[in-house]
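Taking the working numbering, the leading residue of the sequence shown gets -15, the next gets one more, and so forth. For every residue, glycine included, the Cβ atom is placed at its ideal position computed from N, Cα and C.
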Amino acid sequence: MEDCIFCKIVKGEIPSNKVYEDDEILAFKDINPLAPIHILVIPKKHITSTNDIQPEDEKLMGKIFLTIKQIAKKEGFAEEGYRVVNNCGENGGQEVNHLHFHILGGKKLGTKIV
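Shown next as structure tokens:
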């Protein structure tokens, strides 16, 4: 998508602090972190939200979660624990209309969801 900020990051038009990249997935540090560790994991393919995942994306979705596990281990916070969040739609708090997953960690996170 032409105006998608995450697509621009994938294309290298906007810089990011990458922590992982392969042919299908990009992970980078959030510029407005909500926790000491705040990494965004996105598919390079533009998928607007969880509601737009198609059956052909099944393998990619599994790969994203295996990549999240790999990032947590590589970055050294897997054993301490972390949270994975996906916001879907306006009422779900989605601010960028490109499917993405937040990895949050580096401190004890509260149990309160909202």
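Asked	Found
Under 8 Å by Cβ, that's how I've got L24 and H84 pegged, so tell me the actual separation to the nearest angstrom.	5 Å
Would F12 and V80 be called neighbours here (beta carbons separated by less than 7 Å)?	no
According to DSSP, is I25 part of a helix, a strand, or is it coil?	In the sequence as presented, Ile is not what sits at residue 25; that position holds Val. Of the three classes helix, strand and coil, the one that applies to V25 here is strand, per DSSP.
How far does the alpha helix (DSSP H) with K53 in it reach, from first residue to last?	E42 to E59
Between which two residues does the alpha helix (DSSP H) holding I9 run?	That residue, I9, is in no alpha helix (DSSP H); its beta strand (DSSP E) goes I9 to K13.
Looking only at C-alpha atoms, which of I21, D6 and I(-2) sits nearest to L88?	I21
I need the DSSP call for V(-6), collapsed to helix, strand or coil.	helix
If you draw a straight line from the C-alpha of I48 to the C-alpha of G76, how long is it?	20 Å
Please report the residue range of the beta strand (DSSP E) in which K2 lies.	K2 to E5
If I measure Cβ to Cβ from N1 and keep anything under 7 Å in the same chain, skipping five residues before and after, which residues do I get?	F12 and K13
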